[in-house]
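*Asks:*
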Amino acid sequence: MKGKVNLAIRSGGRRWRAVALLLALALLGGLGISPAAHAGSRTWHVATTGSDAAGDGSTARPFATIQHAIDAATVGDRVLVQPGVYRENIDFEGKDLTVGSLFLTTGSEDYILQTVIDGNRNGRVVTFTNGEAATALLSGFTITNGYAHGTSEPESYGGGIYTRHSSPTLTHLRVTGNEAVEEGGGLHIRDSSPTIRDIIVTGNHAGSGGGGIRYTGGSVSLENVVVTHNSAGTGGSGLFFYHADGAIKNALIADNSGDGPGGGLVFDGCSPTFTNVTIAGNRTTGHGGGLNVSFASQLAGRGDHNRVFGHSGRPGGDYY
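Using numbering that gives the first Met the number 0, read the sequence shown as starting at 0 and increasing by one per residue.
#1: Determine, using beta carbons only, whether V200 and G183 come nearer to each other than 8 Å.
#2: Thinking N281 and S256 are a contact (beta carbons under 8 Å), I'd like their distance in whole angstroms, please.
#3: Alpha carbon to alpha carbon, how far is A179 from I160?
#4: Please list the terminal residues of the continuous beta strand (DSSP E) segment that includes H171.
#5: S220 to H67, Cα distance in whole Å?
#6: Would you tell me roughly how many angstroms separate the C-alpha atoms of S365 and D51, rounded to the nearest one?
#7: Would you kindly work out how many angstroms separate the C-alpha atoms of V174 and F62, rounded to a whole number?
#8: Buried or exposed: which applies to V112, given that a residue is buried once 16 or more other Cβ atoms fall within 10 Å of its Cβ?
#9: For F240 and F273, which I take to be in contact (beta-carbon distance under 8 Å), what is that distance rounded to the nearest angstrom?
#10: According to DSSP, G245 sits in a beta bridge with which residue or residues?
#11: DSSP three-state call for A231: helix, strand or coil?
#12: List the endpoints of the continuous alpha helix (DSSP H) containing T105.
#13: Restricting to Cα atoms, I'd like to know which of Y85, D55, D254 and L169 is closest to N119.
#14: Helix, strand or coil: how does DSSP classify L238 here?
#15: Which value, in whole angstroms, describes the spacing of the CA atoms of A279 and D254?
#16: Going along the chain, which unbroken runs of the alpha helix (DSSP H) with 4 or more residues stay wholly within the region 97–172?
#17: DSSP three-state label for D197, please.
#18: Consult DSSP for D70 and reduce its assignment to one of helix, strand or coil.
#19: Between which residues of its own chain and G324 is the CB-CB distance below 6 Å, once the five residues before and five after are set aside?
#20: Determine the burial state of D322: buried for a count of at least 16 other Cβ atoms within 10 Å of its Cβ, exposed for fewer.
#21: So I252 and G237 are in contact, right, with Cβ under 8 Å, and what is the actual spacing, rounded?
#22: Taking C-beta to C-beta, are L137 and L103 nearer than 8 Å?
#23: Give me whichever residues DSSP pairs with D267 in a beta bridge.
#24: Which same chain residues end up closer than 6 Å to Y214 when comparing Cβ atoms and leaving out the 5 residues on each side of it in sequence?
#25: My assumption, with CB atoms under 8 Å, is that T143 sits in contact with N177. Please give the rounded CB distance.
#26: Between F91 and the rest of its own chain, which residues show a CB-CB distance below 6 Å, the 5 nearest in sequence each way excluded?
#27: Bridge partners of D90, per DSSP?
#28: Who are the Cβ neighbours of H228 in its own chain at under 6 Å, not counting the five residues just before and after it?
#29: P153: which of S166, T48 and L186 sits nearest, CA to CA?
#30: Is D95 buried or exposed, if buried means 16 or more other CB atoms sit within 10 Å of its CB?
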């Protein structure tokens with residue numbers, strides 16, 4: 000059963016690459032404008048030159064790993080991470096605290112690229128599964144090389160970031176080069192309502208649905224998001240939304256590809272709202288190169304700034 004699409008669709012498929020580039024630059028230009036204020040009781044410091052054994056988390060004697068700092072921290076604290084590559088897999092452990100790079104204190108987006116949490120293909124990179132709330136903040140990192148390699152959920156879901164029954168705040172992140180055996184190569188949001196804004200999700204892969212982002216249940220809150228060059232085996236190469244309503248605002252979803260329905264997006268049993276969203280140049284061998292809206296879903300656009308064009312799929316190049 001096909002759903003209903005109500006988007007203001009602009010023509011001009013041949014010009015989509017220029018439009019996509021301009022939108023991406025506009026979104027990227029917004030990164031780094033508003034560093035997070037800190038109201039926590041203590042700041043724990045982490046550096047690649049630090050030591051978990053001999054350090055105490057101070058500026059002079061930092062820890063070596065982010066997870067060690069999280070373990071030491073209490074609710075309301077801040078973990079401040081110096082530039083470098085941290086090969087680890089971190090879990091917030093139900094603590095509502097801030098974990099961030101020097102972007103938090105400087106507002107410089109350079110630190111997003113310079114401060115890397117590398118999962119080393121030893122499981123997903125970041126986990127929120129213990130009821131973390133909006134005051135649990137992850138900000139200012141590149142999240143990469145995660146591999147959700149289990150044989151079933153949850154170990155096979157969410158290569159980069161996985162949330163379940165939790166609603167953290169995820170901002171100013173670059174999620175790239177992650178993989179899940181099943182769903183959510185970049186991010187998997189399960190029965191959660193996180194706030195996700197100012198992030199780039201690119202070059203991730205899922206064996207089934209949601210190469211970039213997979214939502215299952217909960218509420219969608221995506222703002223200032225770029226989702227590009229992700230892939231999936233069975234649908235929703237960019238994003239896959241299953242029974243997850245909410246809103247997407249100021250987004251570029253482009254150049255995602257795979258098999259199954261919805262090269263750019265799949266909406267299954269949900270009715271999200273779009274505002275200023277461009278979906279361009281996505282590809283699939285299935286139904287709807289741009290987006291696939293099914294099972295009583297209704298996709299509503301606000302205003303006249305949503306665009307869907309330049310896709311390939313059988314049948315339904317732009318949407319089905």
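No residue lacks a Cβ here, since even glycine has one placed at the ideal position from N, Cα and C. Remember, it's a predicted structure, so these values are computed and weren't measured experimentally.
*Replies:* Quick answer:
#1: As a working mapping, residue 200 is identified with position 201 in the sequence shown. As a working mapping, residue 183 is identified with position 184 in the sequence shown. Remark: C-beta atoms of V200 and G183 do not approach each other more closely than 8 Å.
#2: Here residue 281 is taken as the residue at index 282 of the sequence shown, counted from 1. Here residue 256 is taken as the residue at index 257 of the sequence shown, counted from 1. Sure, about 7 Å apart at Cβ, within 8 Å.
#3: The residue labelled residue 179 in the question sits at position 180 within the sequence shown. The residue labelled residue 160 in the question sits at position 161 within the sequence shown. Rounded to the nearest angstrom, the two C-alpha atoms are 10 Å apart.
#4: Along the sequence shown, read from residue 1 onward, the residue named residue 171 stands at position 172. Note, H171: beta strand (DSSP E), T168 to T175.
#5: Locating residue 220 in the sequence shown gives position 221, counting from the first residue. Locating residue 67 in the sequence shown gives position 68, counting from the first residue. The alpha-carbon atoms of S220 and H67 are separated by roughly 30 Å.
#6: This structure cannot speak to residue 365, because the chain is shown only from 0 to 319.
#7: The sequence position of residue 174 within the sequence shown is 175, counting from 1. The sequence position of residue 62 within the sequence shown is 63, counting from 1. Roughly 24 Å separates the two Cα atoms.
#8: Start at 1 with the first residue of the sequence shown, and residue 112 comes out as number 113. Before going on, a small fix: residue 112 reads as Leu here, not Val. By the neighbour-count rule (16 or more Cβ atoms within 10 Å), L112 is not buried but exposed.
#9: The residue given as residue 240 occupies position 241 in the sequence shown. The residue given as residue 273 occupies position 274 in the sequence shown. The Cβ separation is near 12 Å, so there is no contact.
#10: Within the sequence shown, numbered from 1, the residue matching residue 245 stands at position 246. According to DSSP, which records beta bridges pairwise, G245 is partnered with V219.
#11: Within the sequence shown, residue 231 is the residue found at index 232, counting from 1. Here A231 sits in strand by DSSP.
#12: For the purposes of this step, residue 105 is taken as residue 106 along the sequence shown, with counting starting at 1. T105 -> alpha helix (DSSP H) spans F102 to T105.
#13: Here residue 119 refers to the residue found at position 120 when the sequence shown is read from its first residue. Nearest option by C-alpha distance: Y85.
#14: If you number the sequence shown from 1, residue 238 lands on position 239. Three-state DSSP puts L238 in a strand.
#15: Against the sequence shown, residue 279 aligns to sequence position 280. Against the sequence shown, residue 254 aligns to sequence position 255. Cα to Cα, the separation comes out at about 7 Å.
#16: Correct list: 102–105 and 109–113.
#17: As a position in the sequence shown, residue 197 is number 198, starting the count at 1. Annotated three-state conformation of D197 is strand, per DSSP.
#18: Residue numbering aside, residue 70 sits at position 71 when the sequence shown is read from its first letter. In this structure, DSSP gives D70 a helical state, which the three-state scheme calls helix.
#19: Given a span of 0 to 319 for the chain in the structure shown, any question on residue 324 remains unanswerable.
#20: As displayed, the chain neither begins before 0 nor continues past 319, which places residue 322 out of reach and without an answer.
#21: To locate residue 252, count along the sequence shown from 1; it is residue 253. To locate residue 237, count along the sequence shown from 1; it is residue 238. The beta carbons of I252 and G237 sit about 5 Å from each other, so the pair counts as a contact at 8 Å.
#22: As a first step, residue 137 is located in the sequence shown; it is residue number 138 there, counting from the start. As a first step, residue 103 is located in the sequence shown; it is residue number 104 there, counting from the start. If you check the CB distance, L137 and L103 do not come in under 8 Å.
#23: Here the question's residue 267 lines up with position 268 in the sequence shown. DSSP, once it has assigned bridges, lists Y241 and S293 as partnering D267.
#24: The residue given as residue 214 occupies position 215 in the sequence shown. Result list for Y214: I188, F240 and A243, in chain order.
#25: Sequence index remark: in the sequence shown, residue 143 carries index 144 (1-based). Sequence index remark: in the sequence shown, residue 177 carries index 178 (1-based). Contact annotation, T143 with N177: C-beta distance approximately 6 Å; criterion of less than 8 Å satisfied.
#26: As a first step, residue 91 must be located in the sequence shown, where it is residue number 92. Here the set comprises F127, E131 and A135.
#27: The residue labelled residue 90 in the question sits at position 91 within the sequence shown. DSSP lists T126 as partners of D90.
#28: Counting from 1 along the sequence shown, the entry for residue 228 is found at position 229. Counting only Cβ-Cβ distances below 6 Å, and skipping sequence neighbours, we find T201, G202 and D254.
#29: Residue mapping note: residue 153 aligns to position 154 of the sequence shown, counting from 1. If we check each option's Cα against that of P153, L186 comes out closest.
#30: Counted from its first residue, the sequence shown places residue 95 at position 96. D95 should be labelled buried.
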